[in-house]
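Chains as they are written, first to last, in our numbering: chain A, 113 to 307; chain B, 196 to 591. Don't be surprised by glycine CBs; every beta carbon is placed ideally from N, CA and C.
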């Protein structure tokens, strides 16, 4: 992974896209933004899915992430990899979506509009067995554990980088990851036992 | 830990023989079916809308903002003058209030401080109360309390409405795309019989009581809102997967489309409908509906599945094997586990068409993806084709 050197705004994007494109991005060139979007959209969308953002929420959440990115690119100091920044934006957005859904769900339950359980198992996108198992196991993790697990085991980031993204000490991250891995394996084993 | 010695990161699950392929496969699935072009188009539209709205707001708001600021300044100045007038009735300044009251009583009616007349309402009454009190002779503290009570009572009735109950937040326009279902209107919520416990339809299904589950979902589907949407969708799934009643499932999905044309499960319903049409042998209809679905943004997100489905339909006709192979190729291009499966199916088609080199390439692509369910079978096919053992070129 390319790590951006600290420095000017141009250097921010140099680590990810060619310099002319970076300049054009900052000048508001739609084509340059398109290139930036093309590069980071698959990462952001897949990461949001892994964080448990439902497919119906994903489009909104992804848009919000890129709106934030577009709005604050000029303020991005370039001391970190833009991807690190993107991951952080995604985590924040996923948290917002989760809170909003929780509130909506609570309201509906209070109004006795929904039963206590979810009727639809998971109609979001693919229903392949392997992915269902992973998704079910990930659902057992807490928000922080899930972020740590996905970033380490599925996105392949280094511990130091993850600690910077989630904003904790490395020691805390390893503890979280340890707990997450244990819960994940337990949930996966349970899903094997179930018919 | 000493000095700068940094322990290595723990070994990742990707090196685990069981978990590694599973995570890799899930990663591929998570990355599949993303339509970047549509996402960017929608994002651009949103940015343009925001920019236009901001520009319009700036143009429209400039004048009123200045006017409001001027009004606010004038109101502040009047407020301060009114405060100066009101302080006479409280506390140790009461003695001085008497003198001022006399002065104010001496002024002709209607020439009071302009703020009192201008604001009217409770403030006029408050001023009256204040004036009534201050017109009394040097009042003892009791008079001050009476004035304060009169002032409070004059304030209360008008202030109360300002502190009304908080209105529930309205959902944002973008919430239509969000999983959170729309907030139910009060009459709908009231219509739900709250005293009766809800029947657990899924529990019936889990315990093997399919007919009871069908009846339960049917009853719930007769209601309205998200609960009815979900019940209709579950009813269709139950009929398709458990009761093996594809026609009934199709009817439930048709009812969903008719009742909830913009429902939150519409994408799933459309896809399930295409699958059912194919299952019922209505290939032409399935092909036309899947083609229409592929033209939509939500359909493109499921393009890999749809192309595999279309390939399967074409493949039933021995004369349409090339069309099937083309559909599988499009699914293959989407990647992911569905893409890998499409490689294998395309290999079958190409082999049947006599294109052994193409079939070998497709099989090898499938074999290179770890954790595939037909890996052993495909390896045998690769060996057989590589060894040049062709048996008439037709191995569907």
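- Within the same chain, 412, 415, 416 come within 6 Å of residue 426 of chain B by CB-CB distance, once the 5 residues on both sides are set aside.
- Within the stretch 140 to 193 of chain A, the complete alpha helix (DSSP H) runs of at least 4 residues fall at 142 to 162, 167 to 184.
- The beta strand (DSSP E) runs lying completely inside the stretch 199 to 243 of chain B and spanning 3 residues or more number zero.
- Residue-level contact check: residue 273 of chain A does not touch chain B, since none of the beta carbons of chain B fall below 7 Å from its beta carbon.
- At a C-beta separation below 9 Å, residue 265 of chain A has these neighbours in chain B: 207, 208, 209, 214, 218.
- Contact of residue 246 of chain A with chain B by beta-carbon distance below 8 Å involves 217, 218, 221.
- Following the DSSP letters along the chain, one finds residue 495 of chain B inside the alpha helix (DSSP H) bounded by residues 492 to 496.
- Distance between residue 193 of chain A and residue 277 of chain A, taken at the CA atoms: about 10 Å.
- Assigned with DSSP and collapsed to three states, residue 450 of chain B falls in helix.
- Assigned with DSSP and collapsed to three states, residue 412 of chain B falls in helix.
- A direct Cα-to-Cα measurement between residue 582 of chain B and residue 471 of chain B gives close to 40 Å.
- Collapsing the DSSP output to three states places residue 465 of chain B in a helix.
- Residues of chain B whose Cβ lies closer than 7 Å to the Cβ of residue 162 of chain A are, in chain order, 225.
- Residue 227 of chain B and residue 406 of chain B have their alpha carbons spaced roughly 37 Å apart.
- The beta-carbon of residue 204 of chain B is placed less than 7 Å from the nearest beta-carbon of chain A.
- For the stretch 412 to 433 of chain B, the beta-carbon criterion of a distance under 8 Å to any beta-carbon of chain A is satisfied by 420, 421, 422, 425, 426, 428, 429.
- For residue 571 of chain B, the enclosing alpha helix (DSSP H) starts and ends at 570 to 581.
- Within chain B, the C-beta atoms nearer than 7 Å to that of residue 174 of chain A come from 234, in chain order.
- At least one C-beta of chain B is nearer than 7 Å to the C-beta of residue 158 of chain A.
- For residue 146 of chain A, the nearest beta carbon of chain B is closer than 7 Å to its own beta carbon.
- Rounded to the nearest angstrom, the Cβ distance from residue 577 of chain B to residue 559 of chain B is 6 Å, consistent with a contact under 8 Å.
- Legend: CB atoms of the stretch 502 to 516 of chain B lying less than 7 Å from CB atoms of chain A are not found in any residue.
- Excluding sequence positions up to five before and after residue 478 of chain B, its CB lies within less than 6 Å of the CB of 508, all in the same chain and listed in chain order.
- Within 9 Å of the CB of residue 150 of chain A, the CB atoms of chain B belong to 231, 232, 235, in sequence order along the chain.
- In this chain, residue 529 of chain B is not harboured by any alpha helix (DSSP H), its DSSP state being neither H nor E.
- Under the three-state reduction of DSSP, residue 396 of chain B is assigned to helix.
- A straight-line Cα-Cα distance of about 18 Å links residue 261 of chain A and residue 166 of chain A.
- Residue 459 of chain B reaches chain A at 168, counting residues in chain order whose Cβ is nearer than 7 Å.
- Under the three-state reduction of DSSP output, residue 567 of chain B falls in the coil class, being neither helix nor strand.
- Those residues of the stretch 519 to 551 of chain B placed with their C-beta closer than 9 Å to a C-beta in chain A are 531, 532, 533, ordered along the chain.
- Under the DSSP assignment, residue 425 of chain B falls in the alpha helix (DSSP H) whose first and last residues are 420 to 432.
- Apart from the 5 residues on each side of it in sequence, residue 208 of chain B sits with its Cβ closer than 8 Å to the Cβ of 214, 215, 218 in its chain, given in chain order.
- Taking the C-beta atoms as reference points, residue 258 of chain A is found nearer than 7 Å to residue 250 of chain A.
- Chain B places no beta carbon closer than 7 Å to that of residue 205 of chain A, leaving this residue out of the contacts.
- Using a C-beta cut-off of 8 Å, the stretch 212 to 219 of chain A makes no contact with the stretch 174 to 182 of chain A, since fewer than three inter-stretch Cβ pairs fall below that distance.
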